[in-house]
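Chemist:
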Amino acid sequence: MQIKKYYDRKHTPKHFCVGDKVLLRLGRGYDIPVNQYAGRFTVLERVGRLAYRLDLPGTWKRVHPVISV
């Protein structure tokens, strides 16, 4: 329980509104910090408690538009 209390004290949940611009973190393996995040994508809707649908470009066909936070 001590670990949970410490985590809850330091953690701030992330919530986004429709229309917010967000960065998408790319997969691991990017050593240069500039390449760790992509674009400024618009949040289209909140799908679940921690999932959002993003407006991804058409060239990103291999990336699912619903992203978990």
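All residue numbers for the sequence shown refer to the UniProt record's numbering, where the first residue is 1 and numbers rise by one.
All residues carry an ideal CB built from backbone N, CA and C; glycine is no exception.
Note that the coordinates shown come from a computational prediction; the quantities given were computed from them, not determined experimentally.
Using the beta-carbon count (16 or more within 10 Å), is Y52 buried or exposed?
Modeler: buried
Chemist: When you compare only the Cα positions, how much space is there between L24 and T12?
Modeler: L24 and T12: Cα-Cα distance of roughly 18 angstroms.
Chemist: Across which residues does DSSP place Y52 in a beta bridge pair?
Modeler: R46 and I67
Chemist: Could you give the distance in angstroms between the alpha-carbon of V43 and the alpha-carbon of K5?
Modeler: 31 angstroms
Chemist: Is E45 near the ligand FAD - that is, is its Cβ less than 6 angstroms away from at least one heavy atom of it?
Modeler: The ligand content of the structure shown is nil, which means the ligand FAD is not present either.
Chemist: Out of curiosity, what's the CA-to-CA distance linking G58 and F16?
Modeler: In a straight line, the C-alpha of G58 is about 23 angstroms away from that of F16.
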